[in-house]
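S.K.:
In this note's numbering, the protein residues as written are 1 to 189.
1) Please state whether DSSP places residue 117 in a helix, a strand or coil.
2) Residue range of the beta strand (DSSP E) that residue 127 falls in?
3) CB residue 101 to CB residue 34, shorter than 7 Å?
4) Would you call the region 138 to 157 and the region 57 to 65 touching, i.e. three or more CB-CB distances under 8 Å?
5) So which of 144, 95, 67, 173 has the shortest CA-CA distance to residue 83?
6) Residue 164: buried (16+ other C-beta within 10 angstroms of its C-beta) or exposed?
7) Is the Cβ-Cβ distance between residue 126 and residue 135 less than 7 Å?
8) For the candidate residues 169, 170, 85, 73, whose alpha-carbon lies nearest to that of residue 181?
9) Buried or exposed, going by whether 16 or more other CB atoms sit within 10 Å of the CB of residue 38?
10) Is the Cβ-Cβ distance between residue 67 and residue 46 less than 7 Å?
11) Report the residue ranges of all beta strand (DSSP E) runs contained in full by the region 40 to 96; include only those spanning at least 3 residues, in chain order.
12) For the beta strand (DSSP E) containing residue 179, list its first residue and its last residue.
13) Short check: CB of residue 175 to CB of residue 189, under 7 Å?
The following block contains the structure:
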């Protein structure tokens, strides 16, 4: 997944932004929140589309990648790890996303690291609504600008999931998709 969840270029740097500009992340509606990602444990075929020119004002230029995501539970279900490996004409993306549930805040943090750059991107925070849709927000930098990041996790069915990441350079008024992943569960080995 994410992330999949939040696959941002390793070139992005952490940057503080005014808290007022960032939407308030949702608390998880799942039981105790910590089981919100349990449905995703397993191996998935992943098709990822990545916008190569985010927030440039130019027409979208997308690259497509195919491969797998393996999601493993950690710490008794209060965390999980997504191992992503996809490739396409534009190259290969390998990375991992550590998702941690915070019992104090009732929120998840999604933390992506790129194998290419060896850097951890800024996390996004949030949870799942009563319908099971995950909504996560954070902030990062693109081309020196502080931007907002939104990550949406949608469980389409028991064997299908969709992950969408978008950037906003105007405080969340408008959003531009830059990462879309469609996952299909693979049979257990």
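Cβ coordinates follow ideal geometry from the N, Cα and C atoms, glycine included.
M.R.: A quick look at the data gives this:
1) coil
2) 124 to 128
3) yes
4) no
5) 95
6) A residue is called buried once 16 or more other Cβ atoms fall within 10 Å of its Cβ, and residue 164 is buried on that count.
7) Cβ distance < 7 Å, so residue 126 and residue 135 count as in contact.
8) Measuring from the Cα of residue 181, the nearest candidate turns out to be 85.
9) exposed
10) Residue 46 is positioned such that its CB atom lies closer than 7 Å to that of residue 67.
11) 42 to 51, 62 to 74, 79 to 88
12) 176 to 185
13) With a cutoff of 7 Å on beta-carbon distance, residue 175 and residue 189 are scored as not near each other.
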